[in-house]
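For reference, the structure discussed in these notes is given below.
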Amino acid sequence: MERTLANFIQALRNAEVRVSPAETLDAVTTVELVGYTDRQFLKDSLALVLPKTADEKAAFDMCFDQFFRFEEMRRGGEGQDGQNQGEAGGEESDQEGGAPGEGEGGAGGSAETTDAKASGRRKAKGKPKRRPNNLMDEAEEEEDLGPGEMTEPGSALGKLLMSNSRVELSVQMAQAGEAVNVREIQIFTQKGLYARRMMDAMGLQELNQEISDLGESRAVPARRLGQELKRRRDWLREEVRDYVERQFLLHADVSGKRLREELLRKVKLSNVEHRSFRLIQEIVYKMAKRLATMHSRRKKVFKRGALNLPRTLRNNMAYDGAIFDLHWKSVKIDRPRVFAICDVSGSVANYARFMLMFLYSLEEVMPKVRSFAFSSDLAEVTQLFERNSLEDAISKTLHEYSGGSTDYGQALLDFRRNCLDDVDNRTTIIILGDARNNYGENRQEILKEMYDRAKRVIWLNPESRSAWNVGDSVMRTYSPYCHQVEECNSLMHLERVVGNLLKQAGA
Amino acid sequence: MPDIEKITASVDAIKAACEEYRYICSDQIATAIYLAYHLRKPILIEGPPGVGKTELAKTVAELFALPLIRLQCYEGLDEAKAIYEWKYGKQLLYTQVLKETLDEVLQGARGFAESVKRLHEFGDIFFSEEFLEPRPLLKALKEEDGCVLLIDEVDKSDHEFESLLLEILSDFQISIPEIGTVKASREPPMVFLTSNNTREISDALKRRCLHLYIPFPDLELEQKIIHARVPEIPPELRRQLVAFIQELRELDLKKVPAISETIDWARTLLLLHSETLDPDLVRDTLNVILKFQEDIVNVQGEITAITAKVKSASR
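Protein chains in written order, with my numbering: chain A, 5 to 511; chain B, 46 to 360.
The following block contains the structure:
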């Protein structure tokens with residue numbers, strides 16, 4: 005069963021729940037404690053150990069339901085007769101090497117295990133005619149032999165099918181799946197292939213042989229068994245198909261997603277298709293989160309503020325209590341102040357969208373982002389972001405300001421009039437634009453003014469360097485007044501620029 | 046002394062025991078206590094404010110009849126306030142006093158080396174337990190029969206402080222450079238950490254804890270909670286007011302009312318001797334459940350509609 009758990013954790017990881025080896029060990033001890041008897045209990049317990057954020061909990065719920073569905077059917081099928089407690093408890097310790105099956109009912113510690121196991125087996129044998137539930141309604145086309153004695157099945161799979169032990173069956177199925185590497189499944193056309201291989205691995209051939217043998221038999225009990233086995237074989241086939249389907253969803257789907265993510269990080273942002281926006285957003289959040297954790301720890305010890313008396317005294321004891329090495333209480337976290345000026349005209353709008361998304365996702369480490377949007381006239385949009393959700397704010401910004409032809413001169417004029425005074429030597433100004441000014445006035449003298457006042461001016465140009473200064477692009481005019489000029493057209497570029505920005509803030 | 050064995054035997058037993066202390070918990074919460082007790086792991090509790098995170102730790106302390114040691118986190122909290130502190134004043138005082146006796150100690154000592162040797166014989170008395178002021182974390186470890194340690198609002202502390210917690214959380218021990226490692230007594234403390242999610246807790250800390258997320262309760266659970274906390278309130282009114290709160294949580298508010306607000310409101314309504322919820326009453330007592338003027342203004346218009354809905358549903 006530990007392998008099942010390991011597979012489950014693998015599936016969780018694929019679903020972006022981060023599970024460390026330490027947590028895997030925790031999960032193993034947890035399972036030893038709670039057992040597999042009570043599905044809900046197991047789910048609640050693992051939900052405490054494995055997923056550690058609200059998002060991860062949601063992913064965990066989904067994964068668990070898909071992965072442990074077999075377990076649920078078992079309970080559905082046998083839950084009523086109240087005996088499954090002992091049975092399952094017994095079987096479990098069987099597989100787990102004596103872990104106490106202490107479930108809600110508090111059934112058996114290891115001392116009672118043997119007993120529970122024995123009774124479990126007996127009970128399982130005592131009701132061999134119970135059929136899997138989903139077969140109840142099926143029309144029976146074969147000759148009606150009525151209920152009655154049946155012979156014992158000969159093949160291993162036959163025995164298993166007749167034993168009514170779904171746990172055993174699910175274990176077998178998982179093992180067969182393991183044997184044929186069902187987790188390697190990549191594309192959906194392989195489903196049938198894997199299902200057949202799994203059936204073979206579970207001993208289908210032997211079973212088929214037995215069924216046909218039994219069918220030719222004269223004895224009624226034998227034929228009866230033959231029919232029953234056939235029915236159960238078909239049912240098993242369905243189950244296996246289901247199993248493969250689930251494995252496909254759990255494993256193949258995500259590897260495809262990972263591939264897509266990897267591609268999207270590198271693709272030019274303007275080429276991103278609309279349907280990928282959601283995915284991009286996820287990536288942006290992820291990247292931003294990484295940057296945030298990387299940079300949220302830096303602090304600067306300040307030489308001002310209140311005296312830290314205990315520490316000062318302690319550190320000065322060596323000097324006979326004469327206080328001359330002073331320690332201060334306040335520690336200041338250094339955060340960059342960012343002004344983002346985005347060209348949101350048609351050609352650059354998409355880049356602006358992602359940059360704003362990126363900057364605002366970094367709220368934790370960059371609480372002071374002010375943003376401005378322009379195509380011809382420039383306006384501050386910071387408030388939009390304060391009031392609305394990120395997505396709404398971005399689409400509103402793009403909607404309201406993207407009309408009109410690009411005019412960098414006018415935008416710079418507006419910026420000077422509105423908020424140049426707020427720019428100080430701690431401010432970083434990021435300008436995102438292609439510097440295609442429609443042959444209008446450039447007003448680079450305003451940019452120079454900004455350059456003089458601000459800590460840094462960074463120009464991000466989504467066009468590749470070869471296209472700069474061609475046509476109406478006036479990058480050459482502006483670039484002397486920037487501390488840094490970068491080509492920036494993919495998420496990777498964006499991550500690098502923002503990462504550097506945060507790094508320099510600490511220096 | 047409560048029978049801890051019996052209480053922790055199963056999830057249902059824990060639920061029942063908590064109920065006796067008027068804390069109604071969901072399966073999730075009870076499972077968390079069960080695991081925390083049996084696996085000896087700390088629980089990190091997250092959830093919106095006012096859903097009973099702190100209350101849970103208090104209840105568990107009562108349940109097991111253990112002392113509750115609470116450490117309230119805030120920005121700038123450091124090891125001197127959380128783990129231990131030298132009684133520097135006492136140390137200073139003693140050095141001053143002992144100065145006088147130094148001559149006696151050193152009497153007859155020849156040369157510098159011998160003097161230092163004699164002083165060494167006294168050991169590090171100034172850095173012994175005598176001069177150690179234990180703070181909550183150390184206190185919790187030293188508690189003989191175990192205790193419940195509540196580290197409240199850990200998200201308010203700094204990142205560095207989280208790292209300080211790691212040792213105590215994983216091994217129930219603390220290293221003090223001058224003394225050595227202090228290990229937990231026989232019974233390690235049951236540790237509860239709460240967080241309001243104002244910032245992301247580091248993975249290292251999360252890894253060492255069980256992670257319990259307490260959401261707002263559903264209608265049924267919240268009714269039970271109100272029943273447990275304010276038993277005097279008439280059932281009809283209870284149903285209406287809980288339904289009302291549940292409706293409010295659906296609205297887009299700056300701060301949605303939590304369980305603690307529901308309880309306060311129930312008490313308020315009880316005090317006003319009201320039998321049923323009517324719009325005027327709600328309007329007058331709205332400030333009990335909503336804490337922002339903006340929210341109150343927003344909800345004002347909806348009151349009539351919601352009360353009508355709540356009433357017709359309960360009938």
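From the three backbone atoms N, C-alpha and C, an ideal C-beta is built for every residue, glycine too.
Would you kindly check if the distance between the Cβ of residue 417 of chain A and the Cβ of residue 447 of chain A is under 9 Å?
-> Residue 447 of chain A sits at position 443 when you count from the first residue of the first sequence. Residue 417 of chain A sits at position 413 when you count from the first residue of the first sequence. Yes, they are a contact pair.
Could you tell me whether the Cβ of residue 294 of chain B comes closer than 9 Å to any Cβ of chain A?
-> One-based indexing of the second sequence puts residue 294 of chain B at position 249. With 9 Å as the cut-off, residue 294 of chain B does not count as an interface residue toward chain A.
Straight-line gap, residue 61 of chain A to residue 17 of chain A (C-alpha atoms, nearest Å) = Residue mapping note: residue 61 of chain A aligns to position 57 of the first sequence, counting from 1. Residue mapping note: residue 17 of chain A aligns to position 13 of the first sequence, counting from 1. Between residue 61 of chain A and residue 17 of chain A, the C-alpha separation is close to 12 Å.
For residue 394 of chain A, collect the residues of the same chain with a Cβ closer than 7 Å to its Cβ; drop the 5 residues on either side in sequence, then sort them by chain order.
-> On the first sequence, position 390 is the one that residue 394 of chain A refers to. Cβ neighbours of residue 394 of chain A beyond the five flanking positions: 361 and 364.
Secondary structure at residue 484 of chain A, three-state DSSP: helix, strand or coil?
-> Position 480 of the first sequence, counting from 1, holds the residue named residue 484 of chain A. In this structure, DSSP gives residue 484 of chain A a helical state, which the three-state scheme calls helix.
Taking residue 104 of chain B as the query, report the chain A residues whose CB atoms sit under 9 Å from its CB, ordered along the chain.
-> By one-based count along the second sequence, residue 104 of chain B stands at place 59. Within 9 Å Cβ-Cβ: nothing; residue 104 of chain B doesn't reach chain A, min ~18 Å.
Residue 174 of chain A, DSSP secondary structure in three states | As a working note, residue 174 of chain A is residue 170 in the first sequence. DSSP places residue 174 of chain A in helix when its eight states are reduced to three.
For residue 158 of chain A, which beta-bridge partners are listed by DSSP?
-> If you number the first sequence from 1, residue 158 of chain A lands on position 154. In the DSSP assignment, residue 158 of chain A is bridged to no other residue.
Have a look at residue 144 of chain A and residue 230 of chain A and give me their C-alpha separation to the nearest angstrom.
-> Reading the first sequence from its first residue, position 140 is the one you call residue 144 of chain A. Reading the first sequence from its first residue, position 226 is the one you call residue 230 of chain A. Reliability of the predicted coordinates at residue 144 of chain A is poor, the pLDDT of 42 falling under 50, and no value is obtained from them.
Counting only beta-carbon atoms, is residue 125 of chain B nearer than 9 Å to chain A?
-> To locate residue 125 of chain B, count along the second sequence from 1; it is residue 80. Closer than 9 Å to the CB of residue 125 of chain B there is at least one CB belonging to chain A.
Return the residues of the segment 281 to 310 of chain B that lie within a Cβ-Cβ distance of less than 9 Å from chain A, sorted by chain order.
-> Under the 9 Å Cβ criterion, the segment 281 to 310 of chain B contributes no residue.
Limits of the alpha helix (DSSP H) - the one that residue 14 of chain B falls within | Nothing can be reported for residue 14 of chain B: it is not among the residues displayed for chain B, which extend from 46 to 360.
Residue from A:374, A:382 and A:161 with nearest C-alpha to residue 389 of chain A | Translated into positions along the first sequence, residue 389 of chain A becomes position 385. Comparing C-alpha distances from residue 389 of chain A to each of A:374, A:382 and A:161 shows the shortest one belongs to A:374.
Where residue 463 of chain A sits in the DSSP three-state scheme = One-based indexing of the first sequence puts residue 463 of chain A at position 459. Here residue 463 of chain A sits in strand by DSSP.
For residue 56 of chain A, which residues in chain B fall below 7 Å Cβ to Cβ?
-> As a working note, residue 56 of chain A is residue 52 in the first sequence. The answer, in chain order, is 251 and 256.
Should the segment 113 to 133 of chain B be regarded as contacting the segment 174 to 181 of chain B, the criterion being three or more beta carbon pairs within less than 8 Å?
-> Touching, yes, given that three or more Cβ pairs across the two stretches are closer than 8 Å.
Keeping to the same chain, check which residues put their C-beta closer than 6 Å to that of residue 481 of chain A; ignore five residues upstream and five downstream.
-> Taking the first residue of the first sequence as 1, we reach residue 481 of chain A at position 477. Closer than 6 Å at Cβ, skipping near neighbours: 446 and 448.
Anything in chain A within Cβ reach of residue 83 of chain B, meaning under 7 Å, just list it in chain order.
-> Counting from 1 along the second sequence, the entry for residue 83 of chain B is found at position 38. The answer, in chain order, is 37.
Do you know how far the Cα of residue 328 of chain A is from the Cα of residue 153 of chain B?
-> Residue numbering aside, residue 153 of chain B sits at position 108 when the second sequence is read from its first letter. Residue numbering aside, residue 328 of chain A sits at position 324 when the first sequence is read from its first letter. Spanning the alpha carbons of residue 153 of chain B and residue 328 of chain A requires a straight line of approximately 35 Å.
Mark residue 358 of chain B as exposed unless 16 or more other C-beta atoms lie within 10 angstroms of its C-beta, in which case mark it buried.
-> Here residue 358 of chain B refers to the residue found at position 313 when the second sequence is read from its first residue. Classification of residue 358 of chain B: exposed, given that the 10 Å Cβ count is below 16.
Based on Cα-Cα distance, which residue from B:69, B:75 and B:48 lies nearest to residue 55 of chain B?
-> Taking the first residue of the second sequence as position 1, residue 55 of chain B is located at position 10. Nearest C-alpha to residue 55 of chain B: B:75.
Closest residue to residue 205 of chain A among A:252, A:177 and A:499 (Cα-Cα distance) | Position 201 of the first sequence, counted from the start, is the residue given in the question as residue 205 of chain A. Nearest Cα to residue 205 of chain A within the set A:252, A:177 and A:499: A:177.
Any beta-carbon of chain B closer than 9 Å to the one on residue 80 of chain A?
-> Position 76 of the first sequence holds residue 80 of chain A. Caution is warranted here: a pLDDT of 41 is assigned to residue 80 of chain A, below 50, making its placement in the model unreliable, and no coordinate value can be reported.
Chain A contacts made by the segment 67 to 80 of chain B, where a contact means CB separation under 7 Å = Residues 72, 73, 76, 77 and 80.
Listed by chain order, chain B residues near residue 314 of chain A by CB distance under 7 Å | Residue mapping note: residue 314 of chain A aligns to position 310 of the first sequence, counting from 1. Within chain B, the residues near residue 314 of chain A are 125, 130 and 133.
Quick one: measure Cβ to Cβ for residue 2 of chain A and residue 440 of chain A, integer angstroms, because I've assumed they're closer than 8 Å.
-> There is no way to answer for residue 2 of chain A, as the model of chain A reaches only from 5 to 511.
Taking only the alpha-carbon atoms, compute the straight-line gap between residue 140 of chain B and residue 321 of chain A and give it to the nearest angstrom.
-> The sequence position of residue 140 of chain B within the second sequence is 95, counting from 1. The sequence position of residue 321 of chain A within the first sequence is 317, counting from 1. Their Cα atoms are separated by approximately 10 Å.
Assuming residue 238 of chain B contacts residue 90 of chain B (C-beta within less than 8 Å), just tell me the rounded distance between them.
-> As a working mapping, residue 238 of chain B is identified with position 193 in the second sequence. As a working mapping, residue 90 of chain B is identified with position 45 in the second sequence. Their Cβ separation, rounded to whole angstroms, is 7 Å, which keeps residue 238 of chain B and residue 90 of chain B in contact under 8 Å.
Backbone CA spacing between residue 226 of chain A and residue 251 of chain A [nearest angstrom] = Taking the first sequence and counting its residues from 1, the one referred to as residue 226 of chain A is at position 222. Taking the first sequence and counting its residues from 1, the one referred to as residue 251 of chain A is at position 247. Approximately 36 Å, taken between the alpha carbons.
Residue 115 of chain B and residue 181 of chain B: beta carbons closer than 9 Å?
-> By 1-based counting over the second sequence, the position of residue 115 of chain B is 70. By 1-based counting over the second sequence, the position of residue 181 of chain B is 136. Yes, the Cβ-Cβ distance between residue 115 of chain B and residue 181 of chain B is below 9 Å.
Is the segment 253 to 270 of chain B in contact with the segment 298 to 309 of chain B, if contact means three or more CB pairs nearer than 8 Å?
-> Touching, per the Cβ criterion.
Cβ of residue 107 of chain B within 9 Å of any chain A Cβ = By one-based count along the second sequence, residue 107 of chain B stands at place 62. With 9 Å as the cut-off, residue 107 of chain B does not count as an interface residue toward chain A.
For residue 315 of chain B, collect the residues of the same chain with a Cβ closer than 7 Å to its Cβ; drop the 5 residues on either side in sequence, then sort them by chain order.
-> One-based indexing of the second sequence puts residue 315 of chain B at position 270. Cβ neighbours of residue 315 of chain B beyond the five flanking positions: 275, 277 and 278.
State the DSSP-derived secondary structure class of residue 351 of chain B, mapped to helix, strand or coil.
-> Looking up residue 351 of chain B in the second sequence gives position 306. If DSSP states are grouped into helix, strand and coil, residue 351 of chain B belongs with the helices.
What is the DSSP secondary structure of residue 90 of chain A, reduced to helix, strand or coil?
-> Translated into the one-based positions of the first sequence, residue 90 of chain A becomes position 86. Residue placement at residue 90 of chain A cannot be trusted, given a pLDDT of 38 that sits under 50; the coordinates are not used to answer.
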